[in-house]
Amino acid sequence: MRGPDDEWDDVASIVLQCRDRWQALNQQGIRHCTDFVNNMFLLEEIYFSPDRSSRELDESKLQMSSLQIEGRIQDVLSKMRIVFIRLRSGIEVVQQRRHVLYNEGGCQLLRMHGLGSWTIDDLVHELYELLNMFARELVSKASFVNCISRGRGCPSTRFSHEQWHVQLSVWLFEPFLCPIRLGRITNALTNRLKSRGHR
Numbered sequence: 004m005r006g007p008d009d010e011w012d013d014v015a016s017i018v019l020q021c022r023d024r025w026q027a028l029n030q031q032g033i034r035h036c037t038d039f040v041n042n043m044f045l046l047e048e049i050y051f052s053p054d055r056s057s058r059e060l061d062e063s064k065l066q067m068s069s070l071q072i073e074g075r076i077q078d079v080l081s082k083m084r085i086v087f088i089r090l091r092s093g094i095e096v097v098q099q100r101r102h103v104l105y106n107e108g109g110c111q112l113l114r115m116h117g118l119g120s121w122t123i124d125d126l127v128h129e130l131y132e133l134l135n136m137f138a139r140e141l142v143s144k145a146s147f148v149n150c151i152s153r154g155r156g157c158p159s160t161r162f163s164h165e166q167w168h169v170q171l172s173v174w175l176f177e178p179f180l181c182p183i184r185l186g187r188i189t190n191a192l193t194n195r196l197k198s199r200g201h202r
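To convert, take the position in the sequence shown, counting from 1, and add 3; that gives the numbering used here.
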């Protein structure tokens, strides 16, 4: 029979799987975004090329390639949204369990097995902070995808090299994911699973 500890383990597994999946998707996104930005740089070179006949043919090929890459980036973003929704669902389970424990007046509130000195309130707080970080990062990546279509337009509306570098660095460095906080929560959850014989 499954008990509360099994529920905590499930949530810990979900959070860690979501983190791992997010990281893998982010790496895919970096590759696609880099390819896209490189295409934009090539388009800029072609646009300023004195040879008009080859310019139009090359520009057409690069535009088509860029559209395909843009589709791949949008696909990665869609998968990241799914990861975020799964993460949110897992965290909501913890919140619901917390309410049950409060209603039962459970002494389990003081300390969570395998989470050191953390209380369930500490865990819920950290998980919601984690969720907020991923939400902000998801919005940032969605903004990047929106910028792609604007930035690849006609030559007069294309982004400069600097603008593309800034856009790419936002995806690459994930400024809204605090590595210290992310490390703290994932280490705590990993330790919890190890203490229970998982992972």
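Where is the CB? At the ideal position from N, CA and C, for every residue including glycine. Fair warning: this is a prediction, and the values are worked out from it, not measured in the lab.
Rounded to whole angstroms, the separation of the alpha carbons of K197 and L126 is 17 Å. Look at G32 here: in three-state DSSP terms it is helix. Around S68, the same chain offers N42 as residues with beta carbons nearer than 8 Å, after the five sequence neighbours per side are excluded. DSSP places W121 outside any alpha helix (DSSP H), giving it a letter other than H or E. The count of Cβ pairs closer than 8 Å, one atom from the region 21–38 and one from the region 164–177, reaches three, so the stretches are in contact. Counted as a single uninterrupted DSSP element, the stretch harbouring S52 is not any alpha helix (DSSP H), since DSSP gives it neither H nor E. Where G200 is concerned, there is no enclosing alpha helix (DSSP H), because DSSP gives it neither an H nor an E. Within the same chain, Cβ atoms closer than 7 Å to the Cβ of V79 are found at L28, Q31, G32 and H35, the five residues on either side in sequence being excluded.
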